[in-house]
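Asker:
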Amino acid sequence: MAKKVKGADEIFCPSCGEIIKTEAEICPKCGVRQKQVVAKKDKLTAGLLAIFLGGFGVHKFYLNRVGLGILYLVFCWTFIPAIVGFIEGILYLISTDDEFQKYYSK
34 MAKKVKGADE
44 IFCPSCGEII
54 KTEAEICPKC
64 GVRQKQVVAK
74 KDKLTAGLLA
84 IFLGGFGVHK
94 FYLNRVGLGI
104 LYLVFCWTFI
114 PAIVGFIEGI
124 LYLISTDDEF
134 QKYYSK
């Protein structure tokens, strides 16, 4: 029996081990739905947006937190979102990549 070799655009099904295409939603052999790949957010981009444009909530929109982004926009005239955004930017930049992806790539 010949051993199957995985190609560059293929993965192993976590359920049955069959080689399937990376973009496959369901394994053709066992029928198990594959996990959806979540787009990763760049912590440097989020950090810089928070530091320089945090008063307008741009970093929240980038991180798909639209409700908070709108809240920042509503209160941008108070400069409180600018201060909070600056602090959040520093926190984004000093966090590890794993921590950042865990909380913000959803």
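Residue numbers for the sequence shown follow the numbering used here, so the first one is 34 and each next one is one higher. Ideal Cβ positions, reconstructed from N, Cα and C, are used throughout, including at glycine.
1) Determine the closest residue to Lys62 out of Glu56, Ile52 and Lys68, with distance taken between C-alpha atoms.
2) To which residues of the same chain is Cys49 closer than 6 Å at the C-beta, ignoring the five residues directly before and after it?
3) Just to confirm before moving on: does the CB-CB distance between Lys76 and Tyr136 stay below 7 Å?
4) Let me check one thing: in DSSP terms, what residues is Glu43 bridge-paired to?
5) Tell me which residues share the same chain as Phe108 and place their Cβ nearer than 8 Å to its Cβ, disregarding the 5 neighbours each side in the sequence.
6) Could you check where the alpha helix (DSSP H) with Thr78 kicks off and where it finishes?
Answerer: By the coordinates alone:
1) Ile52
2) Lys62 and Cys63
3) no
4) Lys54
5) Pro114
6) Lys76 to Leu86
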